[in-house]
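Just so we're aligned, residue 1 is where the sequence shown starts under full-length UniProt numbering, counting upward by one. In this text, a Cβ means the ideal position worked out from N, Cα and C, and glycines have one as well. Read through the structure below, which is laid out as structure tokens, and then see the notes.
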Amino acid sequence: MQPNKRKFLKYKKPLFFAVLAGVLLTVIFFLIKFLLPLYSLIGQSGLNLTTAVSLLTDKEGGMLKKADNRTNMLLLGISGGSHEGATLTDSIIFLSLDFANRDNVMISVPRDIWLPSLKTKINSTYYYGESKRKGGGITLTKSAVSEIFGIPVHYAALLDFDNFREVIDTLGGIDIEVESAFEDEKFPIQGRENDFCAGDPEFKCRYETVTFEKGRQHMDGEKALKFVRSRNAENGEGNDFSRGKRQQLVLKAFVEKLKQSVSLNNIKLAKELSAEITRAIDTDLKFSEMLVLGKYLMQDRLPEFRQIVMDTGDKQKKIGGILENPPVWQYDGQWVLVPKDTDYDKFREYLDCHLNDPACQIKP
Numbered sequence: 001m002q003p004n005k006r007k008f009l010k011y012k013k014p015l016f017f018a019v020l021a022g023v024l025l026t027v028i029f030f031l032i033k034f035l036l037p038l039y040s041l042i043g044q045s046g047l048n049l050t051t052a053v054s055l056l057t058d059k060e061g062g063m064l065k066k067a068d069n070r071t072n073m074l075l076l077g078i079s080g081g082s083h084e085g086a087t088l089t090d091s092i093i094f095l096s097l098d099f100a101n102r103d104n105v106m107i108s109v110p111r112d113i114w115l116p117s118l119k120t121k122i123n124s125t126y127y128y129g130e131s132k133r134k135g136g137g138i139t140l141t142k143s144a145v146s147e148i149f150g151i152p153v154h155y156a157a158l159l160d161f162d163n164f165r166e167v168i169d170t171l172g173g174i175d176i177e178v179e180s181a182f183e184d185e186k187f188p189i190q191g192r193e194n195d196f197c198a199g200d201p202e203f204k205c206r207y208e209t210v211t212f213e214k215g216r217q218h219m220d221g222e223k224a225l226k227f228v229r230s231r232n233a234e235n236g237e238g239n240d241f242s243r244g245k246r247q248q249l250v251l252k253a254f255v256e257k258l259k260q261s262v263s264l265n266n267i268k269l270a271k272e273l274s275a276e277i278t279r280a281i282d283t284d285l286k287f288s289e290m291l292v293l294g295k296y297l298m299q300d301r302l303p304e305f306r307q308i309v310m311d312t313g314d315k316q317k318k319i320g321g322i323l324e325n326p327p328v329w330q331y332d333g334q335w336v337l338v339p340k341d342t343d344y345d346k347f348r349e350y351l352d353c354h355l356n357d358p359a360c361q362i363k364p
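Printed below as a string of structure tokens:
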């Protein structure tokens, strides 16, 4: 029996070293193919690997600014380009994140809300701030929303829709569940805003018809932006409130697709997207803060968002609203929105209650 045992050991050692070598080669391959590009990507941001790992393992959002355990930020969208009104904010989305309790809130802020201190609509604050100094648009818009809401706004990210379509295309498009079918026969054609249309008094050549069917649809960047921007559809889909809902659908679909597509297995795509997103987005978030925020949003289970409705209600359905549309003569002929009964204090009390208590009983 002894000779057989020695013979077994004789073959066992080469087998052991072969397996060990295989494991080491696999580890080395992993380091070269995946971790080194990731290290390079992190290094380009000015962080060292230790700091990056620390940020990525942060579960409480400790690096981010907070008030009452919440981080508040704005997502702003401008149409971009060189046409008139290119830097007016088409969309304003307020996000409030409670990392510890995973309680997240999303509010589509109507662009026509009146700002008493500046005597203008809130969608023009980015334009006015940016005309004063570079970066002033984000600062002024944060200040304006904070004034109306009565709570601090810590961060903001501005999205240039013109560039964002390329980001969506690089991802291979996004899938959106369209809640209501609609058709817009007056969707503006970019570059033809000042076309005289050979004397046509209705300027029909400036517009095209866009149609969206109800149900799940795959959209490239161009179609997704038309879905978000459309404002002349019938059946209630042409107002700012419906556009706000569609913006949220696109945002959610984008995050879901980003989460599916970007991984250590595809560092090349991550680099490409990083460059395109940098061109499309302007923000006052530091890279380290973006890492923490990105990790939270890109978890295995996408965070749920409660939605606080900010609209004028529905008289036919006897549903009250927190906003109202006052007579235009009171605002130099402008169609604006103000808190119900022009009571900003009551408006802030309503927001504060629903923001911090999912079971809040205050009605509009």
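Item to check | Minimum length 3: unbroken beta strand (DSSP E) runs contained in the segment 269-347 | outcome: DSSP runs (the beta strand (DSSP E)) wholly in the segment 269-347: 281-283, 305-307.
Checklist entry - Does the Cβ of I362 have 16 or more other Cβ atoms within 10 Å, making it buried, or fewer, making it exposed? => result Position 362 of the sequence shown, counting from 1, holds the residue named residue 362. The residue is exposed, with fewer than 16 neighbouring Cβ atoms inside 10 Å.
Item to check | Buried/exposed call for I189, threshold 16 Cβ in 10 Å | outcome: Here residue 189 corresponds to residue number 189 of the sequence shown, with the count starting at 1. So I189 ends up on the exposed side.
Checklist entry - What does E208 pair with, by DSSP beta-bridge criteria? => result Indexing the sequence shown from 1 puts residue 208 at position 208. Paired residue(s): F187.
Next on the checklist: Taking the alpha carbon of T209 as the reference point, which residue from K257, A270, E177, K223 has its own alpha carbon closest?
Outcome noted: Here residue 209 refers to the residue found at position 209 of the sequence shown. Here the closest residue by C-alpha is K223.
Next on the checklist: Between which two residues does the alpha helix (DSSP H) holding T87 run?
Outcome noted: Within the sequence shown, numbered from 1, the residue matching residue 87 stands at position 87. Where T87 is concerned, there is no enclosing alpha helix (DSSP H), because DSSP gives it neither an H nor an E.
Item to check | For I176, three-class secondary structure by DSSP | outcome: Translated into the one-based positions of the sequence shown, residue 176 becomes position 176. Annotated three-state conformation of I176 is strand, per DSSP.
Checklist entry - Where does D103 fall in DSSP's three states? => result Mapped onto the sequence shown, residue 103 falls at position 103. D103: strand per DSSP, three-state reduction.
Checklist entry - If you drop the 5 nearest sequence neighbours on each side, which residues of the same chain put their C-beta closer than 7 Å to that of L31? => result As a working note, residue 31 is residue 31 in the sequence shown. At L31, the pLDDT of 40 sits below 50, so the modelled position is not reliable; the number obtained from the coordinates is stated separately. Closer than 7 Å at Cβ, skipping near neighbours: no residue.
Next on the checklist: So for R246, helix, strand or coil by DSSP?
Outcome noted: Taking the first residue of the sequence shown as position 1, residue 246 is located at position 246. In this structure, DSSP gives R246 a helical state, which the three-state scheme calls helix.
Checklist entry - In three-state terms, what does DSSP make of K33? => result Locating residue 33 in the sequence shown gives position 33, where the first residue counts as 1. Only weak support is given to the placement of K33: the predicted model assigns it a pLDDT of 42, under 50, and the value that follows is read from those uncertain coordinates. K33 sits in a helix when the DSSP states are folded into three classes.
Item to check | Reduced DSSP secondary structure (H/G/I, E/B, other) of G77 | outcome: Start at 1 with the first residue of the sequence shown, and residue 77 comes out as number 77. Here G77 sits in strand by DSSP.
Checklist entry - What do you reckon, are the CB atoms on I78 and I122 nearer than 8 Å? => result Stepping through the sequence shown from its first residue, residue 78 is reached at position 78. Stepping through the sequence shown from its first residue, residue 122 is reached at position 122. No; because the gap between Cβ atoms is not below 8 Å, this pair is not in contact.
Checklist entry - Going by the CB atoms, is the gap between I308 and V105 shorter than 8 Å? => result By one-based count along the sequence shown, residue 105 stands at place 105. By one-based count along the sequence shown, residue 308 stands at place 308. Their beta carbons are under 8 Å apart, which means V105 touches I308 by this criterion.
Item to check | Spatial distance of S124 from L95 (CA atoms) | outcome: Residue mapping note: residue 124 aligns to position 124 of the sequence shown, counting from 1. Residue mapping note: residue 95 aligns to position 95 of the sequence shown, counting from 1. Going by the C-alpha atoms only, they are around 20 Å apart.
Next on the checklist: For the segment 195-211 against the segment 235-251, do three or more pairs of beta-carbon atoms, one drawn from each stretch, fall closer than 8 Å, so that the two count as touching?
Outcome noted: Segments in contact, no.
Next on the checklist: Whole angstroms are fine: how far does the CA of K346 sit from the CA of E166?
Outcome noted: For the purposes of this step, residue 166 is identified with residue 166 of the sequence shown, where counting begins at 1. For the purposes of this step, residue 346 is identified with residue 346 of the sequence shown, where counting begins at 1. A straight line joining the alpha-carbon of E166 with that of K346 spans about 42 Å.
Item to check | Closest residue to S131 among D98, T87, N356 (Cα-Cα distance) | outcome: On the sequence shown, position 131 is the one that residue 131 refers to. Residue T87 is the option with its Cα nearest to S131.
Checklist entry - Is I168 helix, strand or coil by DSSP? => result Locating residue 168 in the sequence shown gives position 168, counting from the first residue. I168 falls in the helix class under three-state DSSP.
Checklist entry - Excluding sequence positions up to five away, which residues of its chain have a Cβ less than 6 Å from the Cβ of R348? => result For the purposes of this step, residue 348 is taken as the residue at position 348 of the sequence shown. When the five nearest sequence neighbours on each side are left out, the beta carbons in the same chain lying within less than 6 Å of the beta carbon of R348 are those of G150, in order along the chain.
Checklist entry - Are the segment 133-145 and the segment 327-337 in contact at 8 Å, needing three or more beta carbon pairs? => result Result no; under three Cβ-Cβ pairs closer than 8 Å.
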